[in-house]
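Quick notes on the structure that follows.
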Amino acid sequence: MFELSVCFDKASQEMQVNKKLLVVIAYVESGLRHNALNRNSNGTYDIGIMQVNSSNIPKLKRVGIIEKEEDLWDICKNIRAGAYILKECIANHGFNWKAVDCYNKGKKAKDISTYVWKVYKVLSAYR
């Protein structure tokens with residue numbers, strides 16, 4: 001558990017995203033399971049604790065977050081990748097619920113969704 005805390009600290013500081021929000025997203029996405037793998041109906045898949053969608057891999061490689069897809073199985077690298085994605089969502093939508101939904105849905109993000117409510121409920125309990 002200590003490693004997780006260190007990974008979340010480093011990623012949130014480097015990417016300048018809220019650590020609590022990052023942890024809550026990981027909890028909602030994977031239940032904090034570092035080995036989570038989910039296949040989606042559109043042919044993509046989600047990897048690791050942050051459930052990083054495979055559609056993000058080319059960009060994550062391009063910007064130097066990961067070198068290869070397998071890096072996403074490393075807990076700290078996965079959290080760093082998730083923090084980067086969240087940072088991009090916040091840059092595109094502002095620090096609001098649409099940015100949170102963007103983490104889950106990308107360009108199909110909405111201001112209010114089932115995902116946003118899940119994050120909100122866990123975040124409210126986490127405080």
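UniProt numbering puts the first residue of the sequence shown at 1, with every later residue one more than the last.
We put the CB at the ideal spot given by N, CA and C, even for glycine.
Review point. If residue 115 and residue 104 are in contact, beta carbons under 8 Å, what's the gap, nearest whole angstrom?
Key: For the purposes of this step, residue 115 is identified with residue 115 of the sequence shown, where counting begins at 1. For the purposes of this step, residue 104 is identified with residue 104 of the sequence shown, where counting begins at 1. With a Cβ gap of about 5 Å, residue 115 and residue 104 count as contacting.
Review point. Taking C-alpha atoms, which residue in 3, 72 and 16 lies nearest to residue 87?
Key: On the sequence shown, residue 87 is found 87 positions in, with the first residue counted as 1. It is 16 whose Cα lies nearest to the Cα of residue 87.
Review point. Secondary structure at residue 37, three-state DSSP: helix, strand or coil?
Key: On the sequence shown, position 37 is the one that residue 37 refers to. Correct three-state label for residue 37: strand.
**Study point:** Presumed contact (8 Å Cβ cut-off) between residue 78 and residue 57, rounded CB distance
**Key:** The residue given as residue 78 occupies position 78 in the sequence shown. The residue given as residue 57 occupies position 57 in the sequence shown. With a Cβ gap of about 12 Å, residue 78 and residue 57 do not count as contacting.
Practice item. Determine the direct distance from the alpha carbon of residue 85 to that of residue 18, and round the result to whole angstroms. Key: Taking the first residue of the sequence shown as position 1, residue 18 is located at position 18. Taking the first residue of the sequence shown as position 1, residue 85 is located at position 85. Going from the Cα of residue 18 to the Cα of residue 85 covers about 13 Å.
Exercise for review: Kindly list the residues whose CB is nearer than 8 Å to the CB of residue 12, restricted to its own chain and excluding five residues on each side of it in sequence; keep chain order.
Suggested key: For the purposes of this step, residue 12 is identified with residue 12 of the sequence shown, where counting begins at 1. Taken in chain order, the residues that qualify are 18, 19, 22 and 83.
Exercise for review: Please classify residue 100: is it buried, with 16 or more other beta-carbons within 10 angstroms of its beta-carbon, or exposed?
Suggested key: On the sequence shown, residue 100 is found 100 positions in, with the first residue counted as 1. Burial call: buried.
Practice item. Enumerate in chain order the residues of its own chain whose CB-to-CB distance from residue 44 is below 7 Å, with the five nearest sequence positions on each side excluded. Key: Translated into the one-based positions of the sequence shown, residue 44 becomes position 44. Taken in chain order, the residues that qualify are 53, 54 and 55.
Check your understanding: Got a sec, what are the start and stop residues for the beta strand (DSSP E) residue 47 sits in?
Key -> Position 47 of the sequence shown, counting from 1, holds the residue named residue 47. Here the beta strand (DSSP E) through residue 47 covers 45 to 47.
Review point. Pick from 59, 97 and 89: whose alpha carbon is nearest that of residue 113?
Key: One-based indexing of the sequence shown puts residue 113 at position 113. Per the Cα distances, 97.
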